[in-house]
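In the working numbering, the protein residues as written are 42 to 167.
Where a beta carbon is used, it is the ideal one built from N, C-alpha and C, also for glycine.
Remember, it's a predicted structure, so these values are computed and weren't measured experimentally.
Written out below as structure tokens is the structure these notes cover.
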Amino acid sequence: MKNDEKLYVIPAESATKIREELSELKITSSYLLKYYIEEREVLAWDDSPIPALTELYCGSSSVNSLLDTLSERPSVEIPEQYLDSLSAEDIVLTNADYVGILTLIESLRTLKASTAMNHGISFEVH
42 MKNDEKLYVI PAESATKIRE ELSELKITSS YLLKYYIEER EVLAWDDSPI
92 PALTELYCGS SSVNSLLDTL SERPSVEIPE QYLDSLSAED IVLTNADYVG
142 ILTLIESLRT LKASTAMNHG ISFEVH
């Protein structure tokens, strides 16, 4: 790590909320994928929500795994003066990791919203 490189912290509470959101998206996408795959002929998949649901399922799983990896093995060396102010569940990131994770999460949210609108799908658990 460069001495002047900024570090970002995702507090434990925020990390938990993000993980819950991603887990819910993975479960819901899995259920919807199963439904649409059984309902549609393979040749009609391209015009269905199946490609987007597949991306949501894989993306939510991958980002959650990335968060797990970064929390278990931080990609940065945390300066000693900050160690006491962090909890074990906080995630410390470089600027690039922070921007990348936020971009991935926001992309998943956008894809979820557009899939719901374009295909009339509800992602709400009833």
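For residue i, which residues of its own chain have a beta-carbon under 7 Å away from its beta-carbon, when the five flanking residues on both sides are left out?
i: residue 102; result: 67
i: residue 93; result: 152 and 156
Taking the alpha helix (DSSP H) that residue i falls in, what are its first and last residues?
i: residue 145; result: 136 to 160
i: residue 116; result: Looking at the DSSP string, residue 116 is not in any alpha helix (DSSP H), and its letter there is neither H nor E.
Could you tell me the alpha carbon to alpha carbon distance between residue i and residue j, rounded to whole angstroms?
i: residue 51; j: residue 115; result: 12 Å
i: residue 128; j: residue 70; result: 32 Å
i: residue 89; j: residue 144; result: 25 Å
i: residue 81; j: residue 104; result: 28 Å
i: residue 100; j: residue 83; result: 22 Å
i: residue 136; j: residue 97; result: 25 Å
i: residue 63; j: residue 164; result: 12 Å
i: residue 86; j: residue 160; result: 13 Å
i: residue 77; j: residue 65; result: 18 Å
i: residue 106; j: residue 138; result: 14 Å
i: residue 117; j: residue 123; result: 13 Å
i: residue 108; j: residue 79; result: 32 Å
i: residue 91; j: residue 154; result: 15 Å
i: residue 134; j: residue 95; result: 28 Å
Residue i lies in the beta strand (DSSP E); which residues open and close that run?
i: residue 51; result: 48 to 51
So, for residue i: in the same chain, excluding its five sequence neighbours on each side, which residues have a beta-carbon less than 8 Å away from its beta-carbon?
i: residue 130; result: 53, 56, 57 and 112
i: residue 148; result: 100
So what does residue i bridge to, in DSSP terms?
i: residue 132; result: 51
Spatial neighbours of residue i within its chain, please: CB distance less than 6 Å, with the 5 preceding and 5 following residues excluded, ordered by chain position.
i: residue 132; result: 51, 56, 111 and 112
i: residue 120; result: none
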